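J.:
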Amino acid sequence: MIQEEMKVGPKGQVVIPKAMRKALKIGPGSKVVMSLTDDKVIIEKPPVSAVSVFEGIAKEGPSMALIEPHLYEDELERRLRA
Numbered sequence: 091m092i093q094e095e096m097k098v099g100p101k102g103q104v105v106i107p108k109a110m111r112k113a114l115k116i117g118p119g120s121k122v123v124m125s126l127t128d129d130k131v132i133i134e135k136p137p138v139s140a141v142s143v144f145e146g147i148a149k150e151g152p153s154m155a156l157i158e159p160h161l162y163e164d165e166l167e168r169r170l171r172a
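Quick note: the sequence shown uses the numbering used here, first residue 91, plus one each step.
1) Could you pull out every unbroken alpha helix (DSSP H) segment of at least 4 residues lying fully inside the segment 123 to 151, listed in chain order?
2) Is DSSP giving K97 helix, strand or coil here?
3) Would you mind giving the Cβ-Cβ distance between M110 and I92, rounded to the nearest angstrom? I have them listed as a contact below 8 Å.
4) Using 8 Å as the threshold, is the C-beta distance between K135 and I116 below it?
5) Only counting the same chain, and skipping five residues up and downstream in sequence, which positions put a Cβ closer than 7 Å to that of L126?
6) As a quick exercise: from P107, P159, D128 and V138, pick the residue whose alpha carbon is nearest that of K121.
7) How about L170 and V143: are their beta carbons less than 8 Å apart?
Next up, the structure:
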């Protein structure tokens, strides 16, 4: 378990520690879901929608028909991370 104590800033903001961002694979622009249970705030990655993943892949980058067949997987990974 990773646990760190953080200070709330003047605007009510809290920085998610680097170790936790890395573990959750979140970065600038990433979405998170926050929930309040008893006296705990839980931060999670939202569920992945296969439809939204494929929409993003389809909208970004060159047509897959123009990509060398052996590079498909690399291109799909790059688009998924974008």
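Each residue gets a CB set at the ideal place from its N, CA and C atoms; glycine is no exception. Quick caveat, the model's predicted, so the values are computed rather than measured.
T.: So, from the listed chains and residues:
1) The segment 123 to 151 contains these whole alpha helix (DSSP H) runs: 140 to 149.
2) Here residue 97 refers to the residue found at position 7 of the sequence shown. In the three-state scheme derived from DSSP, where H, G and I count as helix and E and B as strand, K97 is classed as coil.
3) Locating residue 110 in the sequence shown gives position 20, counting from the first residue. Locating residue 92 in the sequence shown gives position 2, counting from the first residue. Confirmed, about 6 Å.
4) In the sequence shown, residue 135 corresponds to position 45, counting from 1. In the sequence shown, residue 116 corresponds to position 26, counting from 1. In contact: K135 and I116 (Cβ atoms closer than 8 Å).
5) Here the question's residue 126 lines up with position 36 in the sequence shown. The answer is none, since no qualifying residue turns up.
6) Numbered from its first residue, the sequence shown carries residue 121 at position 31. Comparing Cα positions, the closest option is V138.
7) Walking along the sequence shown from the start, residue 170 turns up at place 80. Walking along the sequence shown from the start, residue 143 turns up at place 53. Between L170 and V143, the C-beta gap is smaller than 8 Å, which places the two residues in contact.
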